[in-house]
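Residue numbers (the numbering used here), protein chains in the order written: chain F, 584 to 872; chain H, 34 to 268.
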Ligand SMILES: Nc1ncnc2c1ncn2[C@@H]1O[C@H](COP(=O)(O)OP(=O)(O)OP(=O)(O)O)[C@@H](O)[C@H]1O
Ligand SMILES: [Mg+2]
C-alpha cells in the first residue's frame with residue numbers, strides 16, 4: 584500500500600492543496616496581525632466567496648477560476664463595508680468581545696447562505712481545468728496546479744508590497760506598535776480599512792479556486808474557519824512565508840489523511856494538529872512573536 | 034513656532050491625572066518638564082501628540098488649536114515625538130523604521146537629504162541599517178527613535194525621558210544630540226527625571242508633581258532652588 588508512487592502522489596497533492604489553503608488563510612493573518620482583530624467569521628467569508636463564484640459561474644457562464652476577476656473587487660469593497668460597519672467599532676475591545684461580535688456575523692452569513700442557496704451542496708457546472716497532467720503514473724490536476732500558481736503569485740506580490748512600498752511597510756509597523764504608527768503620521772483608520780479590504784479581497788481568489796474542486800454548502804465556513812485559524816496559529820505573527828509554509832503542512836496532513844485513513848477524517852486531523860500546536864508551540868512555528 | 038498649553042485636564046476613565054496644567058514653549062527654545070514617577074509626564078506628552086484626548090483645556094501650536102486632533106494630523110503640522118520606551122517597530126529593520134519616520138514626506142529628495150544628516154549624526158545606524166530594530170542595544174534603540182523622529186524634519190520635538198535605562202556614557206551622548214538639535218533651531222519639549230542635565234540644557238523649566246505644575250523658572254535658577262535641591266538633586 585505504501586508504494587513510492589502513492590507517497591509522491593500525495594506529497595504533490597498536499598503541496599498543491601496546502602498552497603491554496605495558505606491563500607485562504609493569508610487574509611485572516613493580515614487582519615489579525617495588522618488590524619489586531621480576532622475574526623471568527625473568516626471561514627464564512629470563504630464560504631460566501633465560493634457561493635459568489637458559483638453564482639457567477641452559473642449566471643454568467645464564467646469558469647470558476649475566472650470569477651475572482653469580479654469577485655476580488657466585490658470582496659475588496661465588502662472588506663471596506665465590514666470594517667466600517669462592524670470591525671472599526673470593536674478594534675479596541677477585548678478579544679472575547681471581538682469573538683462574540685464576529686460569531687454573530689458568522690451566524691448571519693450562514694443563514695444568509697442557507698436562505699439564498701439552501702442546504703444542498705453546490706458545485707460548479709463546469710471548469711476548463713477539469714483535466715490532469717500525467718507524469719508517469721503521477722497525476723497533477725490542472726485546477727489545483729493553477730490554484731497553486733495563483734497562490735504563489737499572490738504571496739510574491741504581497742511580500743513585495745509589504746517590504747518595498749511605504750503603505751506595506753506602514754501595515755507592518757501598525758502590526759508592531761499602533762501608537763507609534765499613529766505618531767509617525769499614519770492614519771490608522773484608513774490603513775486598517777485597506778488591510779481589511781485586501782484581506783477579504785484575497786478570500787475571493789481562494790473561494791474561486793476552492794470551488795473548482797470542492798462543493799460548497801452553508802456549513803462550509805466551519806471547516807475553513809478551523810483550518811485557516813489553525814494555519815495562522817501555526818505560522819504565528821511574522822512574514823507571509825510562514826503562512827505559505829504552514830498552509831502546506833496542513834495540505835499535506837489533509838492529503839495523507841484522505842489517502843491513508845479516510846477522506847472524512849480531514850477535520851479530525853486538522854483539529855488534532857491544532858491542539859498539538861497550541862500545546863507545544865503556542866507562539867507558532869515560524870513567528871517572531 | 035511656539036506651543037501653548039492652557040489649563041489642561043486629563044483623565045484615564047474616572048481617574049484624573051493632570052490638573053489645570055499650563056505652560057508654554059517659545060519657538061526655538063528648549064523647555065524641560067521635571068517630575069517624579071507617576072507625576073503625569075507621559076500623559077502630558079501623549080495628550081500633546083494626540084494619543085489622548087483631554088477632558089478640558091487647550092493646546093495651541095503656532096496659534097492653531099490642536100486640542101483633541103488625531104495624532105497623524107498633529108505630526109503633519111511638524112510635531113514629532115520620541116516616545117517613552119523608544120516606541121520602535123521591533124520587527125522592522127532600522128532602515129524601515131526610518132522610512133516610517135518620513136511617512137508624511139512625499140519629496141524623495143528631501144528624504145535622501147535627511148538620511149544623510151541622520152547618518153552623520155548617528156554613524157552607528159548606517160552600519161545597522163538592515164538589522165531588525167528589536168535587536169538593537171538600548172543606546173542604539175534610543176538613537177534610532179530620535180533619528181526616526183527627525184526624518185519628518187519637525188519644527189518641534191517632544192522627548193519623553195530619553196535617558197531612561199541608559200548607561201551614563203550613552204546618556205551624555207543623547208543630551209549632546211539634544212543640544213545639537215536645539216542649536217539647529219528645533220523647538221524642544223523635554224520631559225525628564227534626569228534633573229541636572231535637563232535643567233542645564235533648558236531655557237525654561239517646570240516641575241510637575243501629582244499632575245500639577247508646582248514650580249517654574251529659568252533652568253539655572255531652578256538648579257539653585259531649595260525645594261529642588263532637597264527633593265531632586267539630593268543635596
Ligand atoms: N493607561 C492608563 N490607565 C490608567 N491610569 C494610567 C494609565 N497610564 C498612566 N496611568 C496613571 O496616571 C498617572 C501618571 O502616569 P504617567 O505615565 O503619565 O506618569 P509619568 O510621569 O510619565 O511617570 P514615569 O516617570 O514613571 O514615566 C500614574 O498614576 C499612572 O498610574
Ligand atoms: Mg512616563
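From the three backbone atoms N, C-alpha and C, an ideal C-beta is built for every residue, glycine too.
Taking a C-beta distance under 8 Å as the contact criterion, residue 629 (chain F) and residue 607 (chain F) qualify as a contact pair. In the three-state scheme derived from DSSP, where H, G and I count as helix and E and B as strand, residue 845 (chain F) is classed as coil.
In the displayed model, residue 221 (chain H) falls within a strand according to three-state DSSP. Relative to ligand 1, residue 42 (chain H) has its C-beta separated by 7 Å or more from all heavy atoms.
Residue contact with chain F for residue 136 (chain H): present (Cβ-Cβ distance below 8 Å to some residue of chain F).
Proximity to residue 800 (chain F) across F:734, F:692, F:817 peaks at F:692, based on C-alpha coordinates. Nearest CB-CB separation between residue 766 (chain F) and chain H: below the 8 Å threshold.
For the C-beta of residue 756 (chain F), the chain H residues within less than 7 Å are, from N- to C-terminus, 122, 125, 133.
Short note on residue 117 (chain H): C-beta closer than 7 Å to some heavy atom of ligand 2.
Residues 806, 809 of the same chain have their beta carbon placed closer than 8 Å to that of residue 850 (chain F), with the five preceding and five following residues left out of the count. When 7 Å is used as the limit between beta carbons, residue 836 (chain F) is near no residue of chain H, the shortest such separation being about 28 Å. Distance from residue 663 (chain F) to residue 776 (chain F) at the Cβ level is roughly 6 Å; contact confirmed, criterion being Cβ atoms closer than 8 Å. Taking a C-beta distance under 8 Å as the contact criterion, residue 57 (chain H) and residue 89 (chain H) do not qualify as a contact pair.
Rounded to whole angstroms, residue 149 (chain H) and residue 765 (chain F) show a C-alpha spacing of 25 Å. Taking C-beta atoms as the reference points, residue 590 (chain F) and residue 727 (chain F) fail to come closer than 8 Å.
With a cutoff of 7 Å, residue 163 (chain H) does not count as near ligand 1, since its C-beta is closer than that to no heavy atom of the ligand.
If you check the CB distance, residue 85 (chain H) and residue 99 (chain H) do not come in under 8 Å.
Neighbours of residue 749 (chain F) across chain H, judged by C-beta separation under 8 Å: 132, 136. Non-local beta-carbon contacts of residue 80 (chain H) in its own chain, meaning distances under 6 Å to residues more than five positions away in sequence, involve 43, 87 in chain order. Those residues of the segment 71-99 of chain H placed with their C-beta closer than 9 Å to a C-beta in chain F are 79, 82, 83, 84, ordered along the chain. Proximity to residue 788 (chain F) across F:588, F:603, F:587, F:594 peaks at F:603, based on C-alpha coordinates. In this structure, residue 91 (chain H) has its beta carbon at no less than 7 Å from each heavy atom of ligand 2. Every residue whose Cβ sits closer than 5 Å to any heavy atom of ligand 1 is listed here in chain order: H:45, H:50, H:70, H:71, H:72, H:73, H:74, H:75, H:76.
With the rule of 3 Cβ pairs closer than 8 Å, the segment 121-136 of chain H does not count as touching the segment 62-70 of chain H. When secondary structure is reduced to three states using DSSP, residue 797 (chain F) falls in the coil class, being assigned neither helix nor strand. Here residue 714 (chain F) is exposed: its Cβ has fewer than 16 other Cβ atoms, across all protein chains shown, within 10 Å.
Taking C-beta atoms under 8 Å as the contact rule, residue 778 (chain F) and residue 614 (chain F) qualify, at a distance of about 6 Å. Under DSSP, residue 56 (chain H) shares a beta bridge with H:38. Membership of residue 84 (chain H) in any beta strand (DSSP E) is not indicated, and neither H nor E is assigned to it by DSSP. Shown here, residue 254 (chain H) sits in a helix according to DSSP, grouped into three states.
Within chain H, the C-beta atoms nearer than 8 Å to that of residue 752 (chain F) come from 125, 129, 132, 133, in chain order. Minimum Cα-Cα distance from residue 704 (chain F) among the listed residues F:758, F:797, F:660 corresponds to F:797.
Around the C-beta of residue 858 (chain F), fewer than 16 other C-beta atoms lie within 10 Å, and the residue is accordingly described as exposed. Beta-bridge partners assigned by DSSP to residue 115 (chain H): H:192. Annotated three-state conformation of residue 229 (chain H) is helix, per DSSP. Residue 195 (chain H) has a beta carbon lying at 8 Å or more from every beta carbon in chain F.
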